[in-house]
Amino acid sequence: MLHGWGFTGEVWNDIAQKLAKNWRVYQVDLPGYGHSPLCTYTLPILTEKLAADLPKDAVWIGWSLGGLLAMAMARWRPAWVRALVLISTSPRFITDKNWPHAMKLNVLQQFSQLLQTHTLTTLQRFLALQVKGSETALQQRRTLNALLNKTALPLPEALQAGLTLLQNTDLRPALSQISCPALLCLGKRDTIVPVGVGKDCQQYWPNLQPVYIERAAHIPFLSHSDIFMHSLQGFFNEVITP
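And the structure:
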């Protein structure tokens with residue numbers, strides 16, 4: 199399970215506890231987060247690091263930035279990836295003329311500038327953006343703020359490197375070469391990864407299975423965990439054989 203920008207693997211605690219009844223679960227701290235030492239944030243180095251530390255033939259669940267890395271693993275380290283579960287993520291996080299359902303470049307640049315002087319404030323503002331529009335926004339914000347206060351903050355270098363990766367990465371040409379089963383879960387109220395990215399991705403990746411959660415924003419596995427788990431179990435029943 200690969201977390202998103204700003205949070206450690208502990209963001210998965212509730213979902214991981216449910217999955218642990220039937221699966222061996224790895225809640226990964228990305229480099230520079232939690233207990234993981236920092237490394238250079240390029241896709242080749244990150245996929246090499248993950249491949250060295252994690253088992254082959256696993257289901258990779260990636261949220262946001264973690265989903266980007268999970269896609270990279272499936273493309274360049276296919277032996278490690280049995281199936282993909284992608285949550286609120288995209289092969290390209292920044293808009294261009296042919297990719298409208300993404301963030302504006304200046305939004306990430308503003309977070310990058312603020313991060314240079316105020317790490318916690320940056321994380322809190324990004325948190326607010328993640329829950330914006332969700333029917334349980336206030337509850338999620340309290341839960342995630344408590345998690346930020348409970349755990350050590352990610353290294354600023356890792357946060358800056360993550361923003362740069364989100365800004366510069368475009369995996370669209372790689373999608374057609376991912377052969378494993380893949381589920382993409384999107385919140386219809388997400389302002390970071392707009393729901394239209396589901397159809398956008400299918401242009402490059404026809405076998406991708408999108409699922410949309412009506413009143414969710416960027417963190418559907420937290421805001422609508424029952425609906426998310428139902429979709430996840432249905433996907434497992436369809437594509438995962440013992």
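Plus 198 on top of the position in the sequence shown (first one is 1) and you've got our numbering. Virtual Cβ for every residue (Gly too), placed ideally from N, Cα, C.
If you run the structure through DSSP and keep just helix, strand and coil, what is residue i?
i: V209; result: helix
i: P408; result: strand
i: G230; result: coil
i: W258; result: strand
i: R280; result: strand
i: I390; result: coil
i: G385; result: strand
i: M301; result: strand
i: D368; result: coil
Quick one, are the C-beta atoms of residue i and residue j less than 9 Å apart?
i: C378; j: A281; result: yes
i: S288; j: V391; result: yes
i: L321; j: L363; result: no
i: I259; j: W210; result: yes
i: L369; j: R273; result: yes
i: H416; j: S262; result: yes
i: G385; j: P418; result: yes
i: G230; j: E208; result: no
Residue i: beta carbon under 8 Å from a heavy atom of the ligand COA?
i: Q328; result: With respect to small molecules bound, the structure shown includes none, and the ligand COA cannot be examined in it.
As a quick exercise: from the options, pick the residue whose alpha carbon is nearest that of residue i.
i: Q358; options: F309, G265, F426; result: F309
i: I213; options: D424, A250, A326; result: D424
i: E333; options: A300, I411, N343, K247; result: I411
i: R275; options: F324, Q225, Q314, A372; result: A372
i: L404; options: N435, L420, P418, L382; result: Looking at the sequence itself, residue 404 is Pro, so the reference to Leu does not match. Residue L382 is the option with its Cα nearest to P404.
i: V395; options: F291, G230, D255, L236; result: F291
i: A300; options: T319, Q365, A256, P242; result: Q365
Measure the alpha-carbon distance for residue i versus residue j and round it to whole angstroms.
i: A380; j: W278; result: 14 Å
i: L345; j: G265; result: 21 Å
i: I376; j: A268; result: 11 Å
i: V283; j: C399; result: 14 Å
i: L228; j: K295; result: 31 Å
i: H316; j: A335; result: 23 Å
i: Q311; j: K302; result: 15 Å
i: S421; j: E246; result: 32 Å
i: I318; j: H201; result: A small correction: the amino acid at residue 318 is Leu; Ile does not occupy that position in the sequence shown. Roughly 18 Å separates the two Cα atoms.
Quick one: using the 10 Å Cβ neighbour count with 16 as the cut-off for buried, is residue i buried or exposed?
i: G432; result: exposed
i: Q225; result: buried
i: H328; result: The question names His, but residue 328 is Gln in the sequence shown. With 16 or more Cβ atoms within 10 Å of its Cβ, Q328 is classed as buried.
i: A218; result: exposed
i: R387; result: buried
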